[in-house]
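Structure record follows, encoded as C-alpha cells.
Numbering (the working numbering), first residue to last: 4 to 236.
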C-alpha cells in the first residue's frame, strides 16, 4: 500500500514510517521542511507539507491509500517542552488541522485518514471522561509530569475528535495509552474503543513502537472506520 505520514520525524510518526517500510509498504513521509532530511531507505520519499493549508494537503494526496496524521505543533521529538508550550498557547490547532485534512479529502474521498490524537477523551470509567473534569485531568497531568495548563491541549484533541465525528469521510481516530514513550516493539497489546485499556497495575501505557504496530495493523485491516480506538498493555 501507499501510506502518507504527517509528522514523520516525530516520536510516533517516525516509528510508523519504519514499521510500514518493514512490512513492504511505500511511504510518503511529510514534514514541515523536508529539504534537510537525508534518507537512504528504499520505498520512502520525503515531502514538505503544511497541515493547516488545504492546498498543501490536497497536493500530496494523489496515489495515497491512507494518510496518517501525527501532527503536533513544533517538533515534539526534538523539543517536547516547546510543543507543550505551543499546544497550551493555541489548543484550537488540533481541531483546525482536522478540519483542513477533511476539507482536502473532499477531492480524494476514497483515501482513508487516521489521526493520532490524545488519551484524555477516553472514558476512565463508563460515562466518565478525564477531559470533562478539571480535577481528574489535573490528577492525570500531575502523574505524567505535564503542566496543568496542558489541560487546554487535551481538550483541543477532544475537539478534533468531535470534528471527525461530524464527517462522512473515511476517518479513524487513534487515542494512544495515557503513558506513551519510546520502548520495545512487542506486538502484544490489547485494543479498546472509547475506554482506557489498563494493565494489571491499573496503568494505561504503551510504547511508541507498539503504537506504530497498531496503526499499521489498522492500515492493513481496517476495523475502526469512522470510529476511535485505543490500545494498552
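Glycine included, each C-beta is placed from N, C-alpha and C at the ideal position. Quick caveat, the model's predicted, so the values are computed rather than measured.
Looking at the DSSP output, residue 111 bridges to nothing. Apart from the 5 residues on each side of it in sequence, residue 77 sits with its Cβ closer than 6 Å to the Cβ of 85, 86, 89 in its chain, given in chain order. The beta carbon of residue 74 sits closer than 6 Å to those of 9, 10, 54, 100, all from its chain and outside the five residues before and after it, given in chain order. Between residue 197 and residue 172, the C-beta spacing is not below 8 Å. The three-state reading of DSSP puts residue 89 in helix, counting H, G and I together. Following the DSSP letters along the chain, one finds residue 235 inside the beta strand (DSSP E) bounded by residues 230–235.
Using a C-beta cut-off of 8 Å, the segment 215–234 makes no contact with the segment 130–149, since fewer than three inter-stretch Cβ pairs fall below that distance.
The segment 162–171 and the segment 101–118 touch, with three or more beta-carbon pairs separated by less than 8 Å. Counting only residues of its own chain and dropping the five nearest sequence neighbours on each side, residue 23 has a CB closer than 6 Å to the CB of 6, 30, 219.
Between residue 103 and residue 179 the beta-carbon gap is near 22 Å, outside 8 Å, which marks them as no contact.
In the DSSP annotation of this structure, the continuous segment of the beta strand (DSSP E) that includes residue 70 starts and ends at 69–72.
Taking residue 128 as reference, the option from 213, 50, 205 with the minimal CA-CA separation is 205.
DSSP places residue 7 inside the beta strand (DSSP E), whose first and last residues are 5–9. According to the DSSP secondary-structure assignment, residue 198 is paired through a beta bridge with 126. Residue state for residue 217 is assigned as helix, using DSSP reduced to three classes. Residue 63 holds the alpha-carbon nearest to the alpha-carbon of residue 107 among 12, 63, 79.
Membership of residue 20 in the alpha helix (DSSP H) is indicated by the continuous run 14–25. Excluding the 5 residues flanking it on each side, residue 191 has no same chain C-beta neighbour closer than 6 Å. Burial is judged here by how many other beta carbons sit within 10 angstroms of a residue's own beta carbon; residue 51 has fewer than 16 and is exposed. If only complete runs of 4 or more residues are kept, the segment 129–197 shows the alpha helix (DSSP H) at 137–147, 154–168, in order along the chain. Residue 34 sits in a strand when the DSSP states are folded into three classes. Around residue 95, the same chain offers 159, 162 as residues with beta carbons nearer than 8 Å, after the five sequence neighbours per side are excluded.
Residue 167 and residue 43 have their C-alpha atoms roughly 35 Å apart.
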